[in-house]
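Asker:
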Amino acid sequence: MLGAEVIRLAGAFLVAWALMQAPAATDAKLTGVWSVVITTPDGQQRETIYELKVVGGKITGKVYTMFNAQDIADGKVEGENFTFAIVTRMGEQERRMVTEGTIAGDELKLKRRMPAGGGPPPGAGGGKGMPAEMTARKLAPEEAKKKLAALAPPPKLPLPELRDLPDNGLARTPPMGWNSWNKFRTKISDAMIREIADALVSSGMRDAGYVYLNLDDGWHGTRDAQGNIRANERFPDMKALGDYIHSKGLKYGIYSSPGPKTCAGFEGSYGHEEQDARSYAAWGVDYLKYDWCSARVVYTTAEEQRAAYQKMATGIQRAGRPIVYALCQYGQNAVGEWGAKAGGNVWRTTGDIRDTWASMERIGFGQDVWAKYSRAGHWNDPDMLEIGNGGMTDVEYKTHMSLWALLASPLLAGNDVRQMSEATKAVLLNREVIAVNQDKLGQQAQRVSQDGKTEVWARPLAGGAKAVGLFNRGEEPAKVTVRLTELGLKGKVKVRDTWAHADKGTAEGEVTQTVESHGAVLLRLTQ
Ligand code: GLA
22 MLGAEVIRLA
32 GAFLVAWALM
42 QAPAATDAKL
52 TGVWSVVITT
62 PDGQQRETIY
72 ELKVVGGKIT
82 GKVYTMFNAQ
92 DIADGKVEGE
102 NFTFAIVTRM
112 GEQERRMVTE
122 GTIAGDELKL
132 KRRMPAGGGP
142 PPGAGGGKGM
152 PAEMTARKLA
162 PEEAKKKLAA
172 LAPPPKLPLP
182 ELRDLPDNGL
192 ARTPPMGWNS
202 WNKFRTKISD
212 AMIREIADAL
222 VSSGMRDAGY
232 VYLNLDDGWH
242 GTRDAQGNIR
252 ANERFPDMKA
262 LGDYIHSKGL
272 KYGIYSSPGP
282 KTCAGFEGSY
292 GHEEQDARSY
302 AAWGVDYLKY
312 DWCSARVVYT
322 TAEEQRAAYQ
332 KMATGIQRAG
342 RPIVYALCQY
352 GQNAVGEWGA
362 KAGGNVWRTT
372 GDIRDTWASM
382 ERIGFGQDVW
392 AKYSRAGHWN
402 DPDMLEIGNG
412 GMTDVEYKTH
422 MSLWALLASP
432 LLAGNDVRQM
442 SEATKAVLLN
452 REVIAVNQDK
462 LGQQAQRVSQ
472 DGKTEVWARP
482 LAGGAKAVGL
492 FNRGEEPAKV
502 TVRLTELGLK
512 GKVKVRDTWA
522 HADKGTAEGE
532 VTQTVESHGA
542 VLLRLTQ
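To convert a position in the sequence shown, counted from 1, into the working numbering, add 21.
1. Skipping 5 residues on each side, what residues in its chain have a beta carbon closer than 8 angstroms to that of THR104?
2. So is the beta-carbon of ASP185 under 7 angstroms away from any non-hydrogen atom of the ligand GLA?
3. How about VAL516 and LYS525: do their beta carbons lie closer than 8 angstroms?
4. Is the beta carbon of LEU234 sitting closer than 8 angstroms to the one on LYS272?
5. Less than 7 angstroms between the CB of TYR276 and some heavy atom of the ligand GLA, yes or no?
6. Measure the alpha-carbon distance for LYS166 versus LYS282 and round it to whole angstroms.
7. My output table needs one value for ASP472: the three-state DSSP class, helix, strand or coil.
8. For TYR233, would you say it is in contact with chain D, using Cβ-to-Cβ distances shorter than 8 angstroms as the test?
9. Quick one: what's got a C-beta closer than 6 angstroms to ASP437's C-beta in the same chain, skipping five residues either side?
10. For a minimum of 4 consecutive residues, which ranges assigned as the alpha helix (DSSP H) are wholly contained in the stretch 378-435?
11. How many whole angstroms separate the CB atoms of LYS446 and SER201, which I take to be in contact at a CB cut-off of 8 angstroms?
12. For the stretch 176-222, list the alpha helix (DSSP H) runs that are entirely contained and at least 4 residues long, ordered along the chain.
13. Closer than 7 angstroms: is that where the CB of ALA252 sits relative to any heavy atom of the ligand GLA?
14. At a cut-off of 7 angstroms, is TRP304 close to the ligand GLA when judged by its beta-carbon and the heavy atoms of the ligand?
15. Can we say the stretch 308-317 touches the stretch 339-350, given the rule of at least three CB pairs closer than 8 angstroms?
16. Any idea if ILE28 is buried or exposed, counting beta-carbon neighbours within 10 angstroms, 16 or more meaning buried?
17. Using the rule of at least 16 other Cβ atoms within 10 Å of the residue's Cβ for burial, across every protein chain shown, is HIS539 buried or exposed?
18. Between the C-alpha atoms of PRO481 and LEU427, what's the straight-line distance to the nearest angstrom?
19. On a Cα-Cα basis, can you pick out the residue from THR156, GLN91 and ALA45 that is closest to ILE59?
20. Classify ASP312 as helix, strand or coil using the three-state DSSP reduction.
21. Tell me, which residues are paired with HIS10 by DSSP?
22. Is it the case that the CB of ALA153 approaches a heavy atom of the ligand GLA more closely than 7 angstroms?
23. Among all the DSSP beta bridges, which residues are the ones paired with SER56?
24. Determine the contact status of LEU546 and LYS362, defining contact as a CB-CB distance below 8 angstroms.
25. In the stretch 272-309, which residue ranges form an unbroken beta strand (DSSP E) of at least 3 residues, counting only runs that do not cross its ends?
26. Specify, as a first and last residue, the run of the alpha helix (DSSP H) that TRP359 falls within.
27. Could you tell me the distance, in whole angstroms, from the CA atom of SER278 to the CA atom of THR527?
28. Would you be able to state if there are at least three C-beta pairs under 8 angstroms between the stretch 169-187 and the stretch 413-422?
29. Are ASN451 and LYS474 close, meaning C-beta to C-beta below 8 angstroms?
30. Once the 5 residues before and after ARG206 are set aside, which same chain residues still bring their CB inside 6 angstroms of it?
31. Between which two residues does the alpha helix (DSSP H) holding THR445 run?
32. Mind listing, in chain order, the continuous beta strand (DSSP E) runs of no fewer than 3 residues lying wholly within the stretch 456-528?
33. Who does ALA90 pair with in a DSSP beta bridge?
34. So GLN471 and ALA429 are supposed to be a Cβ contact under 8 angstroms. How far apart are they, rounded?
35. Within 10 angstroms of the Cβ of ARG339, are there 16 or more other Cβ atoms? Answer buried if so, exposed if not.
36. Using DSSP's beta-bridge definition, name the partner residues of GLN534.
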């Protein structure tokens with residue numbers, strides 16, 4: 022009797038104990054430092070560290086990617102399953118990335134749900150090429166300590182006092198050329214860059230004005246004992262590559278970051294600004310794109326950002342070679358106000374473009390707020406061209422080109438120029454459209470009117486003509502009208518269709534054209 026009672030009591034006690042222990046056991050299992058290593062589509066190894074602390078089913082902690090630590094929000098465990106969110110704030114914008122996970126033996130299986138509008142903002146790390154499903158392994162305490170120390174941002178180095186740098190006299194019209202990023206990401210090499218150089222010449226791109234051949238992220242290797250930057254094994258000799266590019270009548274562009282690492286995790290110029298500028302000058306570099314990326318973990322204020330850009334501009338100046346200086350900080354901190362003062366010839370006004378109508382449309386039609394900053398030598402940069410990369414129709418690419426021409430944007434082709442279709446060539450190589458972009462007056466277009474899904478944009482050209490874009494963002498063909506008074510024109514105007522190289526007679530009062538869905542008509546009006 023008594024024995025049975027004891028057994029029953031003991032059993033009940035055991036069940037209660039087990040119930041109490043179950044969450045505690047999960048808590049302990051999940052608590053710790055976890056590592057996820059992934060290989061990006063470009064073949065880059067990237068590590069993310071999850072430092073998780075779990076108490077009573079609630080997860081707190083941090084996620085570390087390349088000097089970037091973010092707090093975990095809304096973390097909870099239920100049985101073997103758990104979720105948490107990482108919230109990234111950029112000005113007004115908030116992006117929430119939710120991770121769902123399962124405890125699977127000694128490992129964690131993680132799935133990330135991307136926020137609406139793509140991955141994290143540029144420079145935030147952890148976004149590009151991350152697979153949807155990942156496996157995490159727990160780190161032993163010593164290893165965890167080492168990894169976390171390596172991921173901590175470096176100490177802040179002193180920055181120069183802000184001053185207004187003199188104009189370097191370059192980029193009197195928007196720079197034109199080609200950049201490796203949109204099509205090739207970090208999959209670039211000396212051999213392919215030489216092929217691109219050849220193709221820029223044989224396709225007629227160079228003669229149409231596309232002279233800068235710009236390497237984007239992916240060329241950096243390590244530093245030598247003196248701290249001089251070296252290229253990685255895919256670029257055996259950066260000076261020889263520059264010589265080759267120059268021998269083709271092209272100019273040589275390169276990429277780096279004011280931070281310790283570039284956006285793709287390569288070596289940045291942090292603490293080596295002047296030394297790197299000297300290397301670039303020695304290699305014959307003519308263009309530098311300087312991409313904020315991990316600088317955000319060291320510098321936080323607008324002043325620091327401007328000073329960091331000024332620092333490299335001064336480095337370039339001292340190195341003594343004329344180098345077009347392109348700031349890439351995604352349009353933060355009202356860069357239009359100070360980009361030129363920090364030595365910039367070009368500054369990005371947006372996050373990264375993607376090869377979709379939605380992305381191009383959002384960026385292109387959102388540029389009028391920047392118009393007042395654009396002038397000869399100092400250009401707004403709504404990012405590189407996607408023309409020919411396959412994600413839009415030829416009509417949409419024509420609209421992309423029409424907009425970038427009107428906006429006096431740098432024209433950096435981002436496609437594989439070694440194999441261009443005739444349609445792509447027709448869009449990139451139309452001389453009258455390029456002439457609008459390169460107009461000497463250097464004045465960016467602004468929106469003249471908007472009527473539902475149709476818009477009119479115009480810019481004055483040297484000599485008194487106007488370039489006028491009639492756009493149809495809708496899904497059906499539409500008539501688009503511009504009244505000449507809206508353009509400050511009176512009386513008769515001569516109408517020329519730049520795309521068609523065709524005179525369309527004269528007009529008075531207004532000009533109306535039917536524009537296909539997602540299409541553009543780019544006119545030149547003269548009196
Ligand atoms: C950022 C820039 C891109 C490109 C990549 C390279 O995202 O905005 O244009 O340079 O970095 O990693």
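C-beta: ideal position from N, C-alpha, C; glycine also.
Answerer: Put simply:
1. Counting from one through the sequence shown, the residue named residue 104 turns up at place 83. The answer, listed in chain order, is ASP95, GLY96, LYS97, VAL119, THR120, GLU121 and GLY122.
2. Residue 185 sits at position 164 when you count from the first residue of the sequence shown. No, the ligand GLA has no heavy atom inside 7 angstroms of this Cβ.
3. Indexing the sequence shown from 1 puts residue 516 at position 495. Indexing the sequence shown from 1 puts residue 525 at position 504. Cβ distance < 8 angstroms, so VAL516 and LYS525 count as in contact.
4. Position 213 of the sequence shown holds residue 234. Position 251 of the sequence shown holds residue 272. Against a cut-off of 8 angstroms, the Cβ pair of LYS272 and LEU234 comes out as a contact.
5. Start at 1 with the first residue of the sequence shown, and residue 276 comes out as number 255. True, at least one ligand heavy atom lies under 7 angstroms from that Cβ.
6. In the sequence shown, counting from the first residue as 1, residue 166 sits at position 145. In the sequence shown, counting from the first residue as 1, residue 282 sits at position 261. Looking at the two C-alpha atoms, the distance is approximately 21 angstroms.
7. As a working mapping, residue 472 is identified with position 451 in the sequence shown. It is a strand residue.
8. The structure shown contains no chain D, having only a single protein chain.
9. As a first step, residue 437 is located in the sequence shown; it is residue number 416 there, counting from the start. Contacts found: LYS204.
10. 378-385 and 415-427
11. Working through the sequence shown from its first residue, we reach residue 446 at position 425. Working through the sequence shown from its first residue, we reach residue 201 at position 180. About 19 angstroms; that fails the 8 angstroms criterion.
12. 202-205
13. Position 231 of the sequence shown, counted from the first residue, corresponds to residue 252. No, the Cβ of ALA252 stays beyond 7 angstroms of every heavy atom of the ligand GLA.
14. Indexing the sequence shown from 1 puts residue 304 at position 283. TRP304 Cβ: outside cutoff for every heavy atom of the ligand GLA.
15. yes
16. Walking along the sequence shown from the start, residue 28 turns up at place 7. The residue is exposed, with fewer than 16 neighbouring Cβ atoms inside 10 Å.
17. The count along the sequence shown starts at 1 and reaches residue 539 at position 518. Flag for HIS539 reads buried.
18. Walking along the sequence shown from the start, residue 481 turns up at place 460. Walking along the sequence shown from the start, residue 427 turns up at place 406. Their backbone Cα atoms lie some 10 angstroms apart in a straight line.
19. As a position in the sequence shown, residue 59 is number 38, starting the count at 1. Ranking the options by Cα distance to ILE59, first place goes to THR156.
20. Taking the first residue of the sequence shown as position 1, residue 312 is located at position 291. Reduced to three states, the DSSP call for ASP312 is strand.
21. What the structure shows of the chain is the stretch from 22 to 548, and residue 10 is not part of that stretch, so it cannot be assessed.
22. Here the question's residue 153 lines up with position 132 in the sequence shown. Outside the cutoff, so no.
23. Against the sequence shown, residue 56 aligns to sequence position 35. Its beta-bridge partners are ILE70 and ARG158.
24. The residue given as residue 546 occupies position 525 in the sequence shown. The residue given as residue 362 occupies position 341 in the sequence shown. In this structure, LYS362 does not lie closer than 8 angstroms to LEU546 by Cβ.
25. 272-277
26. Residue numbering aside, residue 359 sits at position 338 when the sequence shown is read from its first letter. Per DSSP, TRP359 belongs to the alpha helix (DSSP H) from 356-359.
27. Looking up residue 278 in the sequence shown gives position 257. Looking up residue 527 in the sequence shown gives position 506. Each residue's alpha carbon lies about 51 angstroms from the other.
28. no
29. Counting from one through the sequence shown, the residue named residue 451 turns up at place 430. Counting from one through the sequence shown, the residue named residue 474 turns up at place 453. Going by C-beta atoms, ASN451 is not nearer than 8 angstroms to LYS474.
30. As a working note, residue 206 is residue 185 in the sequence shown. Hits under 6 angstroms: ASP63.
31. Within the sequence shown, the letter at position 424 stands for residue 445. Taken as a continuous stretch (DSSP letters only), the alpha helix (DSSP H) holding THR445 covers 443-449.
32. 467-472, 475-481, 487-493, 499-504 and 513-518
33. In the sequence shown, counting from the first residue as 1, residue 90 sits at position 69. Answer is TYR85.
34. Numbered from its first residue, the sequence shown carries residue 471 at position 450. Numbered from its first residue, the sequence shown carries residue 429 at position 408. About 20 angstroms; that fails the 8 angstroms criterion.
35. Indexing the sequence shown from 1 puts residue 339 at position 318. Label assigned to ARG339: exposed.
36. Sequence index remark: in the sequence shown, residue 534 carries index 513 (1-based). Per DSSP, VAL501.
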